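Take the sequence shown: its letters are residues 67 to 428, numbered as in our numbering. Note that CB positions come from ideal geometry on N, CA and C, so glycine has one too. The structure displayed is predicted, hence computed values, not measured ones. Structure, as structure tokens:
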Amino acid sequence: MTDLSLEQIWSAIPYPAFILDPEDRIEACNTESEIFSAASRRQITGRPLSRFIGAESPIIDALAQARQGIASVVLYGVEVGWSERPTQIFTVRASLVQESAGRVLLLLHPRGIADQMDRSLSNRSAARSVTGMAAMLAHEIKNPLAGISGAAQLLAMSIDDKDMELTDLIQQESERIASLVDRVEQFGELRPINRSDVNIHDVLDRAQRAAEAGFARHVRFRVQYDPSLPPTIGDADQLMQVFQNLLKNAAEAVPEVGGLITLRTGYHPGVQLSLPGGRTEKLPLVVSVIDNGRGVPENLIRDIFDPFVSSKANGSGLGLSLVSKVLTDHGGVVECESIPGRTEFRVRLPIRIGRKTPKETG
Ligand SMILES: Nc1ncnc2c1ncn2[C@@H]1O[C@H](COP(=O)(O)OP(=O)(O)O)[C@@H](O)[C@H]1O
Ligand SMILES: [Mg+2]
Numbered sequence: 067m068t069d070l071s072l073e074q075i076w077s078a079i080p081y082p083a084f085i086l087d088p089e090d091r092i093e094a095c096n097t098e099s100e101i102f103s104a105a106s107r108r109q110i111t112g113r114p115l116s117r118f119i120g121a122e123s124p125i126i127d128a129l130a131q132a133r134q135g136i137a138s139v140v141l142y143g144v145e146v147g148w149s150e151r152p153t154q155i156f157t158v159r160a161s162l163v164q165e166s167a168g169r170v171l172l173l174l175h176p177r178g179i180a181d182q183m184d185r186s187l188s189n190r191s192a193a194r195s196v197t198g199m200a201a202m203l204a205h206e207i208k209n210p211l212a213g214i215s216g217a218a219q220l221l222a223m224s225i226d227d228k229d230m231e232l233t234d235l236i237q238q239e240s241e242r243i244a245s246l247v248d249r250v251e252q253f254g255e256l257r258p259i260n261r262s263d264v265n266i267h268d269v270l271d272r273a274q275r276a277a278e279a280g281f282a283r284h285v286r287f288r289v290q291y292d293p294s295l296p297p298t299i300g301d302a303d304q305l306m307q308v309f310q311n312l313l314k315n316a317a318e319a320v321p322e323v324g325g326l327i328t329l330r331t332g333y334h335p336g337v338q339l340s341l342p343g344g345r346t347e348k349l350p351l352v353v354s355v356i357d358n359g360r361g362v363p364e365n366l367i368r369d370i371f372d373p374f375v376s377s378k379a380n381g382s383g384l385g386l387s388l389v390s391k392v393l394t395d396h397g398g399v400v401e402c403e404s405i406p407g408r409t410e411f412r413v414r415l416p417i418r419i420g421r422k423t424p425k426e427t428g
């Protein structure tokens, strides 16, 4: 470390970063923040941050919370407009710098997670319109399909063996369409959520057991649970579906030999979702499904939560869309980070309202 200057480290951070003094004045900033603010360091430092981003920005609150030193405070989907510049969406992280008299490090993360989050939130309406369309389409397809398959059966009775291959093909392919339609229909039929306290570890155990008995028979599981995790509130069956879908994708991505899925839970009190209208929602529960598979194809990463996006020959592309929809209904979010060899889907959920954890009251 000794041959590295602070300045070198500072300028290596590839997105805007600031140090705020105890009065929220900008004490230092990096090159990226000059680019973002279109101002020089001299013009920025020494001035209160609120002068540039507005006193009502949730970031100002986040700084105060970070000073209480609970943990770093993370805000998702925050719109930041610097002075008159057009707003951009950031993931904001504020952390108290230990033993530095109340200084806070503020990082504005523009891409990656922020993108994913944004998409996952906007998927809500995409999923809704698909829901309506799916129900209608499924209904319309099923009847003629039954007709086609029935006709092929009748035909099979009166033809020779060679042509039978063709009628078999008609029937097989009809079945494939029927099962796809079933899946689409299921997607449209999601019941309203049946809320109760949910122990997420129970849900994960069930999902894991089902996976191990079926599609994930070839995969090794590793479990890293935080035993002190408080319950979330939601629909256990729907959450089960979420983790099953994530496990299924993971199992389909890992190699035939040496496949590993890690299930991890944790409690991150500083994570909040910034909602339109300045409201925030705490999302302290984290469940990660991590696999050592080939990774999400790079050209798909931005779209995987959209319906009908799939890289698989027989994929419906509805798994992650459903995950996103259920989690949005639960007030949660899902993010994905993927490189070849390591793919992590991170689900963030609220805890039951009214429960004060020791960390929060302290
Ligand atoms: N764990 C994973 N590893 C690699 N790619 C994944 C993973 N999970 C999802 N994907 C990618 O996202 C796409 C969409 O997933 P999904 O919505 O479940 O649809 P489907 O599984 O039917 O293709 C997949 O086709 C795959 O390309
Ligand atoms: Mg899938």
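His-175 sits in a strand when the DSSP states are folded into three classes. Less than 8 angstroms separates the beta-carbon of Asp-90 from that of Ser-116. Taking a C-beta distance under 8 angstroms as the contact criterion, Gln-338 and Val-140 qualify as a contact pair. Sequence-distant partners of Arg-159 (beyond 5 residues in either direction) whose C-beta falls short of 6 angstroms from its own C-beta, in its chain, are Ser-138, Val-140, Leu-173.
In the DSSP assignment, Ile-85 forms a beta bridge with Ala-94, Leu-171. Each of Ser-103, Ala-317, Pro-296, Leu-129 was checked against the Cα of Leu-349, and the nearest Cα belongs to Pro-296. Proximity to Gln-74 across Gln-290, Thr-97, Ile-85, Ile-92 peaks at Thr-97, based on C-alpha coordinates. Short of 6 angstroms from the beta carbon of Asp-357, and not among the five residues preceding or following it, lie these beta carbons of its own chain, in chain order: Ala-316, Ala-319, Val-320, Ile-327, Thr-409.
Distance from the CA of Gly-359 to the CA of Gly-407, rounded to the nearest whole angstrom, comes to 5 angstroms. When C-beta atoms of the segment 291-307 are compared with those of the segment 389-405, three or more pairs fall below 8 angstroms, so the two segments count as touching. In this structure, Thr-346 keeps its C-beta atom at 8 angstroms or more from the C-beta atom of Ser-354. Within its own chain, the residues whose Cβ lies closer than 7 angstroms to the Cβ of Val-247, once the five positions on either side in sequence are excluded, are Ala-204, Ile-207, Lys-208, listed in chain order. In this structure, Met-230 sits away from Ala-273, with a CB-CB distance that is not shorter than 8 angstroms. When distances are taken from the beta-carbon of Lys-391 to the heavy atoms of ligand 2, even the shortest one reaches 7 angstroms or more. Under the Cβ criterion (8 angstroms, minimum of three pairs), the segment 279-295 does not count as touching the segment 358-372. Here DSSP, grouped into helix, strand and coil, assigns Phe-281 to coil. Of the residues assessed, Ala-128 falls on the buried side of the cut-off, its CB having 16 or more other CB atoms within 10 angstroms. When DSSP states are grouped into helix, strand and coil, Pro-152 belongs to the coil group. Distance check between Thr-233 and each of Arg-249, Ser-245, Ser-215 places Ser-215 closest, using alpha-carbon atoms only. Taking the C-beta atoms as reference points, Leu-312 is found nearer than 8 angstroms to Val-389.
Here Phe-374 is exposed. Its C-beta has fewer than 16 other C-beta atoms within 10 Å. Taking C-beta atoms as the reference points, Ile-405 and Gly-336 fail to come closer than 8 angstroms.
Remark: the C-beta of Asp-248 is outside contact range of ligand 1, defined as less than 7 angstroms to any heavy atom. The C-alpha of Ile-119 lies about 6 angstroms from the C-alpha of Ser-149.
For the set Arg-330, Ser-77, Ser-161, the Cα lying nearest the Cα of Leu-270 is the one of Arg-330.
Here DSSP, grouped into helix, strand and coil, assigns Pro-124 to helix.
If you draw a straight line from the Cα of Lys-391 to the Cα of Met-223, it comes to about 46 angstroms. Between ligand 2 and Asn-311, a heavy atom-to-CB distance of less than 7 angstroms is present. Among the bridge pairs identified by DSSP, Ala-218 is matched with none. Ranked by Cα distance from Gln-164, the first of Gly-135, Thr-153, His-175 is Gly-135.
Per the DSSP secondary-structure output, Leu-393 pairs with nothing in a beta bridge. Counting the other CB atoms within 10 Å of its CB gives Ala-83 a total of 16 or more, which places it among the buried residues.
Looking from the CA of Arg-418, the closest CA among Asn-265, Asn-365, Gly-325 belongs to Asn-265. The three-state secondary structure of Asp-357, taken from DSSP, is strand.
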